[in-house]
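Residues in the sequence shown are numbered from 1 upward in steps of one, following full-length UniProt numbering.
Using N, Cα and C, we set each Cβ at its ideal position, and we do this for glycine too.
Note that the structure is predicted; figures quoted are calculated from it, not measured.
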Amino acid sequence: MNEEKKDQKIQEMSDWVELRDSWTRKRFDFQERWHGWKSPTGLGLGFALLSAGLFLLSLAWTNLVR
1 MNEEKKDQKI
11 QEMSDWVELR
21 DSWTRKRFDF
31 QERWHGWKSP
41 TGLGLGFALL
51 SAGLFLLSLA
61 WTNLVR
């Protein structure tokens, strides 16, 4: 009886560890997919920052030339 309970606890613990690992893996996959610079969101942010920088640079250039 005691061995059965011990085996059951070990099985429950291994199931919980597998479930926790799958959550961690999913969270990591989500972060890599949406927060990397090569992702669509990262490329969009990079393009927006580049556009804003070029706009400010051209604004400064026109104010200096005038």
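How far does the alpha helix (DSSP H) with residue i in it reach, from first residue to last?
| i | result |
| --- | --- |
| S39 | Neither: S39 is in no alpha helix (DSSP H) and is coded neither H nor E. |
In chain order, what residues of the same chain have a beta carbon less than 6 Å from the beta carbon of residue i, not counting five sequence neighbours either side?
| i | result |
| --- | --- |
| E3 | none |
| G53 | none |
Ignore the nearest five residues each way along the sequence and tell me which others in residue i's own chain have a CB closer than 8 Å to its CB.
| i | result |
| --- | --- |
| A60 | none |
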